[in-house]
Amino acid sequence: MEGHEHHHHFSLCFCDLMRLLWTLVVPCVYLSLVLTLVLLLLLLGARMWLAGRREARRAQNGGPAVAFFHPYCNAGGGGERVLWCALRTLMTRYPSISFVVYTGDQGVTGPQILEGARQRFNITLPRPPTFIFLQNRSLVEASFYPHFTLLGQSVGSMLLGWEALAAFVPDLYVDSMGYAFTLPFFRYLGGCKVASYVHYPTVSTDMLSVIRERNPRFNNADFISGNPVLSAVKVVYYCYFALLYGLVGSCSDVIMVNSTWTLGHILSLWRCPNRTSIVYPPCDVRGFLDHPLEEEEAAKEDKDEGEEGWEELGPELVSEEEGGRERKCHTIVSVGQFRPEKDHRLQIRAFHKLLDGKREGPGGRESLRLVLIGGCRNQEDEERVLMLRGLCQELDVTDRVDFKLNVPFEELKRELVDATIGLHTMWNEHFGIGVVECMAAGTIVLAHKSGGPKLDIVVPYEGGQTGFLADSEDSYAAAMETILALSPSARLEIRHNARSSVERFSDQEFEACFLAAMESLMRQLEL
Numbered sequence: 004m005e006g007h008e009h010h011h012h013f014s015l016c017f018c019d020l021m022r023l024l025w026t027l028v029v030p031c032v033y034l035s036l037v038l039t040l041v042l043l044l045l046l047l048g049a050r051m052w053l054a055g056r057r058e059a060r061r062a063q064n065g066g067p068a069v070a071f072f073h074p075y076c077n078a079g080g081g082g083e084r085v086l087w088c089a090l091r092t093l094m095t096r097y098p099s100i101s102f103v104v105y106t107g108d109q110g111v112t113g114p115q116i117l118e119g120a121r122q123r124f125n126i127t128l129p130r131p132p133t134f135i136f137l138q139n140r141s142l143v144e145a146s147f148y149p150h151f152t153l154l155g156q157s158v159g160s161m162l163l164g165w166e167a168l169a170a171f172v173p174d175l176y177v178d179s180m181g182y183a184f185t186l187p188f189f190r191y192l193g194g195c196k197v198a199s200y201v202h203y204p205t206v207s208t209d210m211l212s213v214i215r216e217r218n219p220r221f222n223n224a225d226f227i228s229g230n231p232v233l234s235a236v237k238v239v240y241y242c243y244f245a246l247l248y249g250l251v252g253s254c255s256d257v258i259m260v261n262s263t264w265t266l267g268h269i270l271s272l273w274r275c276p277n278r279t280s281i282v283y284p285p286c287d288v289r290g291f292l293d294h295p296l297e298e299e300e301a302a303k304e305d306k307d308e309g310e311e312g313w314e315e316l317g318p319e320l321v322s323e324e325e326g327g328r329e330r331k332c333h334t335i336v337s338v339g340q341f342r343p344e345k346d347h348r349l350q351i352r353a354f355h356k357l358l359d360g361k362r363e364g365p366g367g368r369e370s371l372r373l374v375l376i377g378g379c380r381n382q383e384d385e386e387r388v389l390m391l392r393g394l395c396q397e398l399d400v401t402d403r404v405d406f407k408l409n410v411p412f413e414e415l416k417r418e419l420v421d422a423t424i425g426l427h428t429m430w431n432e433h434f435g436i437g438v439v440e441c442m443a444a445g446t447i448v449l450a451h452k453s454g455g456p457k458l459d460i461v462v463p464y465e466g467g468q469t470g471f472l473a474d475s476e477d478s479y480a481a482a483m484e485t486i487l488a489l490s491p492s493a494r495l496e497i498r499h500n501a502r503s504s505v506e507r508f509s510d511q512e513f514e515a516c517f518l519a520a521m522e523s524l525m526r527q528l529e530l
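With positions in the sequence shown counted from 1, the corresponding number in this note's numbering is that position plus 3.
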């Protein structure tokens, strides 16, 4: 009898629990339906409002508009060169279409931005675009998100994208800087056609392998790489993020990537092979090709003889090959923005190791100089330059290392033409415009053995060597020593091969490929 009462009591408790859960679930279901309906109405209302703004704009201006999303358009990197060349190409081909640039740059005017592009890249547009100055670019700054940086920047880009869309509704939206999470906003809310030029995938399988192997890098902190639990959590986080990245990226009607390496990752993530093509970024090789290689050895020798402070070398370093003597000073030049992934620290440490094997005085340590040329996007980059200067002091190479920031194109060209070695150290560089410019200038390239330089640029040309690859401090120092030990005739042969190979990366090739990729979308705007 007692057991029966206990069972009856348990049945009552279970029934009461089910009734309680039901009374909680039903309101939650109704609330979810109501909230979903409200959200759909808000999205529909936003789409109708944006469509009205576009129609009002078209009625006022009388034509379609193409907008490029490039929050850092006043920076001096390769991505900005793509932007200005793309604008120049489309403006020339489609004179009746209006062009807009969304930028987050502050304290600068449109004419000043265009003048900066002319000085840095030797690019002048047929007519000025309209600039939309966004106020919340800090939302996409990495420093704004000390943790979960990828997710934070992606959400921030959505908010910045909404600001851009609300300010101006284009007919065709081009993300030229890799903010894929803005694509659904412009396609589904703005009703725009959408195109993407991808320089570098936001997340890749290479990043996942770094975390799985618990390898500390600039994007994998020591306290995470040293902890198996945190590493496992970050792998899961990256996997889910990669899924989201693939979904938003697939919204693009036309997808352009800058290299074979980027193509492989975008195809595996976005899964849109019929809409994806390689469009190599434009490199101003014509600006360097007017300098004849055959005369460079003698010209550089004459320049060196006229510089004060240089002593005559010993006879053991003099060569009579190619009608000239071996140079007395060798400059090693690096071209790239002062971002952490460019790994300027590796360049300085490898250079220090090279100097350690040299004797003091003329012909030894004093015959070598490292020149770091690059742009600073913000205060964080400027602080990074200060840290690099500190590293030079720590390694006692301050007197042999020069920093040149935001230099105009003519000075960049002069430095490259006068250099012996062009140095590049970024792991998995998506492409490497600086590498191509070095090769066009007649500089012997020493690039990282990964990414675009390995797959697309520093590859044999008609069976001949075009440069050198390395992947560690020791291998970089050894490669620099090898290059410096080459005879002038051997260096000349490599430089000839390299220069001949870079024609496929010219502005003209970019214009043809970019127009071919964009033709279907641009033709729809003209209807």
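Here a beta-carbon is modelled for each residue, glycine too, at the ideal position from N, C-alpha and C.
The DSSP-derived three-state label of threonine 279 is strand. In the structure shown, phenylalanine 151 adopts coil according to DSSP, grouped into three states. The criterion of a C-beta distance shorter than 9 Å is not satisfied by phenylalanine 136 and threonine 185.
Fully enclosed alpha helix (DSSP H) runs of no fewer than 4 residues occupy 412 to 421 and 436 to 443 of the region 409 to 454, in order along the chain. Selection Ala145, Gly113, Arg123 and Ser141 evaluated against proline 131 yields Gly113 as nearest (Cα-Cα). In the three-state DSSP reduction, alanine 78 falls in the coil class, being neither helix nor strand. For methionine 259, the enclosing beta strand (DSSP E) starts and ends at 257 to 260.
The region 412 to 424 makes no contact with the region 192 to 201; the number of CB pairs closer than 8 Å stays below 3. Less than 9 Å divides the Cβ of isoleucine 497 from the Cβ of threonine 469.
Here DSSP, grouped into helix, strand and coil, assigns arginine 130 to coil.
According to the DSSP assignment, valine 251 belongs to the alpha helix (DSSP H) that extends over 231 to 252. In this structure, the beta-carbon distance from alanine 443 to valine 374 does not fall below 9 Å. When the beta-carbon positions are compared, lysine 356 and aspartate 474 stay at least 9 Å from each other. Setting aside the 5 residues that flank it on each side, alanine 501 is surrounded in the same chain by Met442, Val448, Thr469 and Gly470, each with a C-beta closer than 7 Å to its C-beta; the list follows chain order.
The three-state reading of DSSP puts aspartate 293 in coil, since its state is none of H, G, I, E or B.
Look at tyrosine 33 here: in three-state DSSP terms it is helix.
Looking only at Glu465, Pro187, Ala183 and Ser101, the smallest Cα-Cα distance to valine 201 is reached by Ala183.
Membership of phenylalanine 341 in any beta strand (DSSP E) is not indicated, and neither H nor E is assigned to it by DSSP.
Check the Cα spacing between lysine 416 and each of Ser199, Asp405, Val111 and His294: the tightest is with His294. When the Cα atoms are used, tyrosine 203 and glutamine 109 turn out to be separated by approximately 25 Å. CA-CA distance, glycine 181 to leucine 528, rounds to 23 Å. Of Leu153, Thr263, Gly79 and Glu166, the smallest CA-CA separation from methionine 210 is found for Leu153. Glycine 290 has its alpha-carbon roughly 28 Å from the corresponding atom of arginine 403.
Per the Cβ contact rule, the region 485 to 499 is not in contact with the region 253 to 267 (fewer than 3 Cβ pairs under 8 Å). Shown here for valine 288: same chain residues with a beta carbon closer than 6 Å to its own, the five before and five after excluded, namely Ala443, Val505 and Ser509 in chain order. In its chain, beyond the 5 residues on either side, Ile100, Asp174 and Leu528 have a beta carbon closer than 6 Å to the beta carbon of proline 67. By alpha-carbon distance to threonine 446, the top candidate from Phe406, Ala62 and His499 is His499. Here tryptophan 87 is buried: its Cβ has 16 or more other Cβ atoms, across all protein chains shown, within 10 Å. Residue burial annotation: threonine 26 is exposed, with fewer than 16 other C-beta atoms found within 10 angstroms of its C-beta.
Leaving aside the five residues that flank asparagine 125 on each side, the residues in its chain whose CB is nearer than 7 Å to its CB run, in chain order, Asp287, Gly290 and Phe412. Secondary structure note for leucine 391: it is in no beta strand (DSSP E), and the uninterrupted alpha helix (DSSP H) holding it is 382 to 398.
Looking at the backbone, the Cα of proline 30 and that of leucine 40 are separated by about 15 Å. Contact between leucine 495 and leucine 296 holds: their C-beta atoms lie close to 6 Å from each other, under 8 Å. Proline 187 is not a Cβ neighbour of cysteine 275, given a cutoff of 9 Å. Taking C-beta separations shorter than 6 Å and ignoring five residues to either side along the sequence, the partners of glycine 467 in its chain run Asn500, following chain order. Ranking Ala515, Thr95, Leu36 and Gln138 by CA distance to the CA of proline 129 puts Thr95 first.
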